[in-house]
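Residue numbers (this note's numbering), protein chains in the order written: chain D, -18 to 132; chain G, -18 to 132; chain U, -18 to 132; chain H, -18 to 132.
Glycine included, C-beta positions come from ideal geometry on N, C-alpha and C.
What follows is one structure encoded as structure tokens, with my remarks underneath.
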């Protein structure tokens, strides 16, 4: 079921939100899969996303993992709601070396208020995929766009 | 002691490493304090670092918090060593709204192998500072620059 | 303000809830401070709470830290509400050796729905206190006692 | 491969260490599976392990999850080494209601120094299993039994 697609309406809603994320565009990240409860974001390697040794920065891995998890949760929410990250924890397992990295957010436990996601980041080099980060994330559903008072 | 400066040698070592981080430059982040066991990184708000509602993206907050903690640990390490993030956990406490955000990494427990840091991110708007994220991070000291086999 | 006491009503509410926790009684833990947004739980060292090398088990440290954080949040909630732990993260910083351990839960960010606490565990040996664990916790406020559907 | 058994030598080493954990015995926990990189610990429900509403206390779930992860890592270590928990993060997903809970620790990434485990806790009621907690843990391998200076 990993290739299952979300409905066109959900895909459009996620894509529209993603395009408003200035950071994702600035990093060069792309939404590469939108399934029900599962979203993949891909980031090509380039000098703008590196740490001091030339690998992809943990901050870039985490940023796309956080967005992948947030959108994975959002695929399961009704229209006219919003999603915010409450917290996440991520282990960096190996240096992120490759042509690109792929962050996969998967809903582990959906909920009326809180949703929990599993986060995985793979580095892809030629045909080889290596798990370079793994984490877990808590998200909250809001009845509409967040305001500073909402959390 | 929050304004205490690291030695010039340590400051130069941290600054040199920071300048090799393509991601920090691409985001527009700057090292604004290097003390022994405490480092501050500042990121001005701009459209390139936003999420879908125009606030600073949690991924940007996390990226500078991760770097601030890593460098805080690194200020306490001998020359000819390297530092890698093992993992971190971060709670997003409030939307990051303001002119800039400041991430503060502070060593909570130094160690021969592992060092634990506290992470805080403040949004600064005019003179007002709001805590927008808080976390905790585990770092490992390596005898030299990391290779793919090292972790 | 670390010695400030909660109101008698709040103290009674917390104490009454604590006494219903079979695990705290079974471990031998005691509520030793109830302040507004800050609760301390103390656990004497004894063979029933050890790990394989005779130190206090990380599971025991975590259990009292989790309860201390939960009750710290609960001091700030209205009557007729309940509190549940959403998640926590804890670093074990040093072996827990001593006459007793003290877990301190402190509210870092109160909220209508979610409250974030800092967790600290000290080992106390004679007059000496050593920080042996540090963590961060997310709690949710419920309108009444939880049911299986509530989370 | 979930039922694969560790070698008799490894099983004996894990069992012997587990029996030295006073806390596990005091809680009533039992080792119910020792496979290579995967360990299950089972805890029967009883009043001694409850929280204030009669469910199994998150501290008890976390304690057996922490031990299950530690022993899962330890199955992959050579003799004459020791294992310590560096940190873990756990989400409580649902109230732990049932006849017993089962904590499963699974190695996600083994390493020379650090090993990362996935933690899961299921509540079992009659034949039904519910995921009640999920987490992630970092462990460190030590060359021998830990001393206070080791971490």
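Could you name the residues of the same chain whose beta carbon sits closer than 8 Å to that of residue 25 of chain U, not counting the 5 residues immediately before and after it, in chain order? Mapped onto the third chain, residue 25 of chain U falls at position 44. So the list reads 9, 80, 81, once near-sequence residues are dropped.
On the DSSP bridge assignment, give the partners of residue 86 of chain D in chain order. Numbered from its first residue, the first chain carries residue 86 of chain D at position 105. Residue 86 of chain D is bridged by DSSP to D:20, D:100.
Return the chain-ordered list of same chain residues with a C-beta closer than 6 Å to the C-beta of residue 20 of chain U, the five sequence neighbours on each side being excluded. Taking the third chain and counting its residues from 1, the one referred to as residue 20 of chain U is at position 39. Cβ neighbours of residue 20 of chain U within its own chain (closer than 6 Å, five residues either side excluded): 49, 52, 53, 86.
Beta-carbon proximity list for residue 41 of chain G, same chain, < 7 Å, skipping 5 on both sides: Along the second chain, one-based indexing puts residue 41 of chain G at 60. Excluding the 5 residues flanking it on each side, residue 41 of chain G has same chain C-beta neighbours closer than 7 Å at 8, 24, 30, in chain order.
Residue range of the unbroken beta strand (DSSP E) whose run includes residue 64 of chain U: Locating residue 64 of chain U in the third chain gives position 83, counting from the first residue. Element bounds for residue 64 of chain U: 63 to 73.
Quick one: give me the first and last residue of the alpha helix (DSSP H) that residue 116 of chain G is part of. Here residue 116 of chain G refers to the residue found at position 135 when the second chain is read from its first residue. For residue 116 of chain G, no alpha helix (DSSP H) encloses it; the enclosing beta strand (DSSP E) starts and ends at 109 to 123.
Whole angstroms are fine: how far does the CA of residue 75 of chain D sit from the CA of residue 35 of chain D? Here residue 35 of chain D refers to the residue found at position 54 of the first chain. Here residue 75 of chain D refers to the residue found at position 94 of the first chain. So the alpha carbons of these two residues sit roughly 13 Å apart.
Take residue 99 of chain G and list the residues in its own chain whose beta-carbon comes closer than 7 Å to its own, dropping the five residues that flank it on each side. Working through the second chain from its first residue, we reach residue 99 of chain G at position 118. 87, 89, 117, listed in sequence order.
Could you check what DSSP says for residue 6 of chain G in three-state terms: helix, strand or coil? Residue numbering aside, residue 6 of chain G sits at position 25 when the second chain is read from its first letter. Three-state result, residue 6 of chain G: helix.
Residue 46 of chain G and residue 77 of chain G: beta carbons closer than 7 Å? Working through the second chain from its first residue, we reach residue 46 of chain G at position 65. Working through the second chain from its first residue, we reach residue 77 of chain G at position 96. No, they are not a contact pair.
For residue 93 of chain G, which residues from the same chain have a beta carbon less than 8 Å from its beta carbon, with the 5 sequence-adjacent residues on both sides left out? For this step, residue 93 of chain G is matched to residue 112 along the second chain. Around residue 93 of chain G: 122.
Which residues in chain H have a C-beta closer than 7 Å to the C-beta of residue -15 of chain G? List them in chain order. Along the second chain, one-based indexing puts residue -15 of chain G at 4. Residue -15 of chain G does not reach chain H, its nearest Cβ partner there being about 26 Å away, counting only Cβ pairs nearer than 7 Å.
Does DSSP put residue 45 of chain D in a helix, in a strand, or in coil? Against the first chain, residue 45 of chain D aligns to sequence position 64. Residue 45 of chain D: helix per DSSP, three-state reduction.
Just to confirm, is the Cβ distance from residue -8 of chain U to residue 32 of chain H under 7 Å? Translated into the one-based positions of the third chain, residue -8 of chain U becomes position 11. Translated into the one-based positions of the fourth chain, residue 32 of chain H becomes position 51. Not a contact, by the Cβ cut-off of 7 Å.
Indicate whether residue -3 of chain U and residue 119 of chain D have their beta-carbon atoms separated by less than 7 Å. Looking up residue -3 of chain U in the third chain gives position 16. Looking up residue 119 of chain D in the first chain gives position 138. It is not a contact, given that the beta carbons lie outside the stated cut-off.
By the three-class DSSP mapping on this structure, what secondary structure does residue 1 of chain H have? The residue you call residue 1 of chain H lines up with position 20 of the fourth chain. Three-state DSSP puts residue 1 of chain H in coil, outside helix and strand.
For chain H, find out if any of its Cβ atoms is closer than 7 Å to the Cβ of residue 96 of chain G; answer yes or no. Sequence index remark: in the second chain, residue 96 of chain G carries index 115 (1-based). Not an interface residue.
Under three-state DSSP, which class holds residue 28 of chain D? By 1-based counting over the first chain, the position of residue 28 of chain D is 47. Residue state, collapsed to three classes: helix.
Specify the secondary structure class of residue -4 of chain U as computed by DSSP and reduced to three states. Here residue -4 of chain U corresponds to residue number 15 of the third chain, with the count starting at 1. Helix at residue -4 of chain U.
Ignore the nearest five residues each way along the sequence and tell me which others in residue 61 of chain H's own chain have a CB closer than 8 Å to its CB. Walking along the fourth chain from the start, residue 61 of chain H turns up at place 80. In chain order, 124, 125 place their CB closer than 8 Å to the CB of residue 61 of chain H, counting only its own chain and leaving out the 5 sequence neighbours on each side.
List the residues that DSSP assigns as beta-bridge partners of residue 81 of chain G. On the second chain, residue 81 of chain G is found 100 positions in, with the first residue counted as 1. Answer is G:25, G:105, bridged to residue 81 of chain G.
Any idea if residue 96 of chain H is buried or exposed, counting beta-carbon neighbours within 10 angstroms, 16 or more meaning buried? Numbered from 1 along the fourth chain, position 115 holds the residue referred to as residue 96 of chain H. Buried, since its Cβ has 16 or more Cβ neighbours within 10 Å.
Consider the Cβ of residue 119 of chain G: report whether some Cβ of chain H lies at a distance smaller than 7 Å. Counting from one through the second chain, the residue named residue 119 of chain G turns up at place 138. Residue 119 of chain G counts as touching chain H.
Going by C-alpha to C-alpha distance, which of G:64, G:-13, G:102, G:63 sits closest to residue 44 of chain G? The residue you call residue 44 of chain G lines up with position 63 of the second chain. Out of G:64, G:-13, G:102, G:63, G:102 has the C-alpha closest to the C-alpha of residue 44 of chain G.
Would the C-beta of residue -13 of chain G count as close to the ligand SAM, meaning under 6 Å from any of its heavy atoms? Although the ligand SAM was asked about, the structure shown includes no ligands whatsoever.
I'd like to know if residue 68 of chain G contacts chain H, where contact means its C-beta is closer than 7 Å to some C-beta of that chain. The sequence position of residue 68 of chain G within the second chain is 87, counting from 1. By this cut-off, residue 68 of chain G is an interface position.
What does residue 38 of chain U pair with, by DSSP beta-bridge criteria? Position 57 of the third chain, counting from 1, holds the residue named residue 38 of chain U. Answer by DSSP bridge pairing: none, since residue 38 of chain U is not bridged.
Could you tell me which chain D residues have their CB closer than 9 Å to the CB of residue 112 of chain G, listed as they occur along the chain? Indexing the second chain from 1 puts residue 112 of chain G at position 131. Near residue 112 of chain G there are no residues of chain D at all, since even the closest Cβ is about 12 Å away, more than 9 Å.
Pull out every residue of the region 7 to 18 of chain D whose Cβ sits closer than 7 Å to any Cβ of chain H, in chain order. Residues: none.
If you compare alpha carbons, which of G:38, G:-15, G:27, G:63 is closest to residue -1 of chain G? Numbered from its first residue, the second chain carries residue -1 of chain G at position 18. Out of G:38, G:-15, G:27, G:63, G:63 has the C-alpha closest to the C-alpha of residue -1 of chain G.
Does residue 39 of chain H get closer than 7 Å to chain D when you measure Cβ to Cβ? As a first step, residue 39 of chain H must be located in the fourth chain, where it is residue number 58. For residue 39 of chain H, the closest Cβ of chain D is not nearer than 7 Å.
Are residue 73 of chain U and residue 114 of chain U touching if we call contact CB-CB under 7 Å? Counting from 1 along the third chain, the entry for residue 73 of chain U is found at position 92. Counting from 1 along the third chain, the entry for residue 114 of chain U is found at position 133. A contact, by the Cβ cut-off of 7 Å.
If we cut at 7 Å on Cβ distances, does residue 1 of chain D have a partner in chain G? The sequence position of residue 1 of chain D within the first chain is 20, counting from 1. Taking 7 Å as the threshold, the shortest C-beta distance from residue 1 of chain D to chain G falls below it.
Counting C-beta neighbours from all protein chains within 10 Å, is the total for residue -12 of chain G 16 or more, i.e. buried, or is it exposed? The residue you call residue -12 of chain G lines up with position 7 of the second chain. Within 10 angstroms of the beta-carbon of residue -12 of chain G lie fewer than 16 other beta-carbons, which makes it exposed.
For chain H, find out if any of its Cβ atoms is closer than 7 Å to the Cβ of residue 32 of chain U; answer yes or no. As a first step, residue 32 of chain U must be located in the third chain, where it is residue number 51. Yes, residue 32 of chain U counts as interfacial toward chain H.
Can residue 57 of chain G and residue 18 of chain G be called in contact, C-beta distance under 7 Å? As a first step, residue 57 of chain G is located in the second chain; it is residue number 76 there, counting from the start. As a first step, residue 18 of chain G is located in the second chain; it is residue number 37 there, counting from the start. The answer is yes: Cβ separation under 7 Å.
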